């Protein structure tokens, strides 16, 4: 296939591009290389696949409609994976317009490109954050998700709604993937694993929010990428049993679906920190702080639909995944 991967210098986008290239697909990668976090890490990720003969990299912003239109017309993609987004819950509190411009306006440009160029399947990143105030665990795609706690979460919910409209009006198959706390080698510096590892190695305190009572469904990068590829290869189809009198939030009469991709095994934050300490053979000095605005205490993915429809479930043990990250971090930053 010829596949467009937006956010291709990002954590997930780069790993996905490598896997697609390894299996023989042609990949066009798009990234704006912004400075939300260290651009040098993005450049380092990109070097892993930049020179592959089936990879083409374009530095552009999906907020630029004219460039997006030209991109789609010139390439005629079979599939699109939209991972380009302004990430981060806390950043959205102080910089809300960044999320409107990229996550909503930019996503609309991607939808238009797919609509006008006969794309066979659009897969896009949603987030576990859409569950917001929900407390019924594990989170199910069949639950209502109308109470987001951050603009980041609201923008991801908006993506799901926008995609549904295009699936309904233009028969465009779209699938949203609600990622649960992705971690692993080449991960983002604004995520807990990266920040904790850096601080512990530097002898600095780590900030432990919600007094360590968080639980997160940490999901390893390789598991995420495997899930994305399986979903990409199986375009969304209508649910012919969908009933407007008893609407299912995870499917539709249109070719539209959403799925959770999580480890289905939440881990307490203090246990996660212990795994980092074990991998580093160092103890962390902790500063316990209250729950931050926009954060949720727990995430826990119900992945029954993913298992049933794709015969797949993430499985990497957290201790192994954390050790893999620490080994990468030491090699990349300390050698």
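Residue numbers (this note's numbering): 272 to 606. Glycine included, each C-beta is placed from N, C-alpha and C at the ideal position. It should be emphasised that the depicted structure is a prediction, and the values quoted were computed from it without experimental measurement.
Fill in: Beta carbon of residue 400 nearer than 8 angstroms to that of residue 423
Closer than 8 angstroms, so yes.
Worksheet item: Taking Cβ positions only, does residue 345 come closer than 8 angstroms to chain B?
Response: Given the protein chain composition of this structure (a single chain), no chain B is represented.
Fill in: Cβ-based neighbour list, residue 550, same chain, cut-off 6 angstroms, excluding 5 preceding and 5 following
Cβ within range, chain order: 593, 594, 597.
Worksheet entry | Start and end residues, alpha helix (DSSP H) containing residue 435 | Its alpha helix (DSSP H) spans residues 422-441.
Worksheet entry | Residues near residue 577 in its chain [Cβ-Cβ closer than 7 angstroms; skip 5 each side] | Hits under 7 angstroms: 498, 530, 531, 532, 583, 584.
Worksheet item: Where does residue 339 fall in DSSP's three states?
Response: Here residue 339 sits in helix by DSSP.
Worksheet item: How big is the Cα-Cα spacing for residue 381 and residue 352?
Response: C-alpha separation (whole angstroms): 10 angstroms.
Practice prompt. Would you tell me roughly how many angstroms separate the C-alpha atoms of residue 313 and residue 304, rounded to the nearest one?
Written response: The alpha-carbon atoms of residue 313 and residue 304 are separated by roughly 7 angstroms.
Worksheet entry | Three CB pairs or more closer than 8 angstroms across the segment 485-504 and the segment 466-475 | Touching, no.
Discussion item. Quick check on the burial criterion: 16 or more other C-beta atoms within 10 angstroms. Buried or exposed for residue 574?
Written reply: Looking at its Cβ environment, which holds 16 or more other Cβ atoms inside 10 Å, residue 574 is buried.
Worksheet item: Which residues mark the beginning and the end of the beta strand (DSSP E) in which residue 532 is found?
Response: Annotation: the continuous beta strand (DSSP E) that includes residue 532 extends over 527-532.
Practice prompt. Taking only the alpha-carbon atoms, compute the straight-line gap between residue 361 and residue 411 and give it to the nearest angstrom.
Written response: Going by the C-alpha atoms only, they are around 24 angstroms apart.
Worksheet item: Per DSSP, what kind of secondary structure is residue 213 in: helix, strand or coil?
Response: Nothing can be reported for residue 213: it is not among the residues displayed for the chain, which extend from 272 to 606.
Worksheet item: Just how far apart, CA to CA, sit residue 518 and residue 525?
Response: One C-alpha to the other measures close to 13 angstroms.
Discussion item. What does the Cβ neighbour count give for residue 482, buried or exposed, with the cut at 16 atoms within 10 Å?
Written reply: Exposed: under 16 other Cβ atoms inside 10 Å.
Discussion item. Give me the DSSP bridge partner(s) of residue 396.
Written reply: Residue 396 is bridged by DSSP to 448.
Worksheet item: What span of residues does the beta strand (DSSP E) with residue 479 cover, start to end?
Response: Unbroken beta strand (DSSP E) run through residue 479: 477-479.
Fill in: Bridge partner(s) assigned by DSSP for residue 491
BP columns for residue 491 point to 454.
Worksheet item: Between 541, 496, 328, which lies nearest to residue 455 when the distance is taken from Cα to Cα?
Response: By alpha-carbon distance to residue 455, the top candidate from 541, 496, 328 is 496.
Fill in: Cβ contact check for the segment 293-303 and the segment 273-284: 3 or more pairs under 8 angstroms
Counting Cβ pairs under 8 angstroms, three or more are found: they touch.
Practice prompt. Kindly list the residues whose CB is nearer than 7 angstroms to the CB of residue 415, restricted to its own chain and excluding five residues on each side of it in sequence; keep chain order.
Written response: Excluding sequence neighbours, residue 415 sits near 520.
Item to complete: With residue 544 as the anchor, note down where its beta strand (DSSP E) starts and where it stops.
Response: Where residue 544 is concerned, there is no enclosing beta strand (DSSP E), although the alpha helix (DSSP H) around it starts and stops at 540-551.
Fill in: Per DSSP, the bridge partner or partners of residue 277
301, 353, per the DSSP bridge assignment.
Discussion item. Considering Cα atoms alone, identify which of 601, 289, 509, 273 is closest to residue 465.
Written reply: Checking every option, the nearest Cα to that of residue 465 belongs to 601.
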